[in-house]
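Quick notes on the structure that follows.
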Amino acid sequence: MAITPLQLNSLITEARKARQALDKVLDYADLISKYAKDLPDEVGKLESGIRDCASEIERQIEEIRYHIYTVLNGMSVDPDEVKNAADKLLLYQGDISQIIEWVEEQKKGHEENSYWWRYWQAVSEVLRKRK
């Protein structure tokens with residue numbers, strides 16, 4: 032079974048969390064650095080090692096994110112999913128003009144021609160045809 036856009040989105044979210052966790056590790060390194068003069072010299076070397084490792088981990092996280100986005104943005108938007116999304120929005124929201132406005136706002140949050148931009152664009156088109 033092939034990976035889905037939602038699964039890729041989940042991977043992107045986890046990459047963001049990994050980057051935030053790395054920021055906490057770097058905060059720890061900053062704290063160590065602040066007190067380094069009162070600690071054995073070995074601690075300074077270890078703190079430097081933490082920074083070196085963090086730099087490499089950051090590079091790898093960003094490279095993985097890039098590849099995930101490449102796969103996601105290369106996917107076709109499923110017309111059945113789009114129709115289903117439009118149906119659900121109409122069912123739960125009611126006013127089609129407000130729904131279209133909301134969908135357009137969702138689209139603005141994404142880079143033009145990215146998967147999610149194209150998804151929201153397709154939902155908007157389906158809704159406009161029903162208006």
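Residue numbers (my numbering): 32 to 162.
All residues carry an ideal CB built from backbone N, CA and C; glycine is no exception.
{"Asked": "Would you kindly work out how many angstroms separate the C-alpha atoms of S145 and R47, rounded to a whole number?", "Found": "18 Å"}
{"Asked": "Helix, strand or coil: which one does DSSP assign to D126?", "Found": "coil"}
{"Asked": "According to DSSP, simplified to helix, strand and coil, what is S107?", "Found": "coil"}
{"Asked": "Take N40 as the anchor and find which of D69, R159, V134, Y97 has the nearest alpha-carbon.", "Found": "Y97"}
{"Asked": "With DSSP collapsed to three states, give me the class of I63.", "Found": "helix"}
{"Asked": "Give me the residue from E93, V134, Y100, D54 with the minimum Cα distance to R82.", "Found": "D54"}
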